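Worksheet for the structure shown next.
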């Protein structure tokens, strides 16, 4: 397995987001999509931060520590602060929910590629015993380099 560090502090000690101040944690805690951030010590190291309100924080953190797959966004840091779990992960520019399929329809091979990559990630999560019930189009992320991952 891998070692997952859990920081008992707000993520804003390490990450900054253009246009957001340190005190905007409430805004991030209620966001439905990941927030683009950069690491304070390495400005060009981009990441996404997503917040999870949970009472089963320890279980989620145990599950996260075992996830490593090419079709799952890499997890950089995990923060537990004021009852909220914040996850800083690999930055992937778009979600399927953000794409305009009417203006730019996918070709058949593109749909098949996305489905294949997502199914690989889902099979891995299922193998790990993790539920995918809450998976939505906003969780399927695509990079400008063509990477397709669940994140």
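Residue numbers (the numbering used here): 4 to 154. Think of the CB as a built atom: it goes at the ideal place given N, C-alpha and C, for glycine as much as any other residue. The structure displayed is predicted, hence computed values, not measured ones.
Proximity of residue i and residue j at Cβ, strictly below 8 Å
{"i": "residue 43", "j": "residue 17", "result": "yes"}
{"i": "residue 13", "j": "residue 82", "result": "yes"}
{"i": "residue 65", "j": "residue 146", "result": "no"}
{"i": "residue 98", "j": "residue 140", "result": "yes"}
{"i": "residue 54", "j": "residue 87", "result": "yes"}
When the options are compared against residue i, the one with the closest alpha-carbon
{"i": "residue 71", "options": "87, 12 and 131", "result": "131"}
{"i": "residue 124", "options": "21, 38, 65 and 77", "result": "77"}
{"i": "residue 79", "options": "55, 90 and 39", "result": "90"}
{"i": "residue 127", "options": "137, 53 and 73", "result": "73"}
{"i": "residue 134", "options": "101, 148 and 67", "result": "67"}
{"i": "residue 120", "options": "10, 11 and 75", "result": "75"}
{"i": "residue 102", "options": "144, 112, 10 and 92", "result": "144"}
Whole-Å CB distance - residue i paired with residue j, under 8 Å assumed
{"i": "residue 94", "j": "residue 50", "result": "5 Å"}
{"i": "residue 142", "j": "residue 153", "result": "6 Å"}
{"i": "residue 38", "j": "residue 19", "result": "No, residue 38 and residue 19 are not in contact; Cβ-Cβ is about 11 Å, not under 8 Å."}
DSSP beta-bridge partners of residue i
{"i": "residue 10", "result": "82"}
{"i": "residue 42", "result": "18"}
{"i": "residue 49", "result": "41"}
Checklist entry - Which runs of the beta strand (DSSP E), 3 residues or longer, sit entirely within the segment 51 to 113? => result 78 to 84 and 87 to 93
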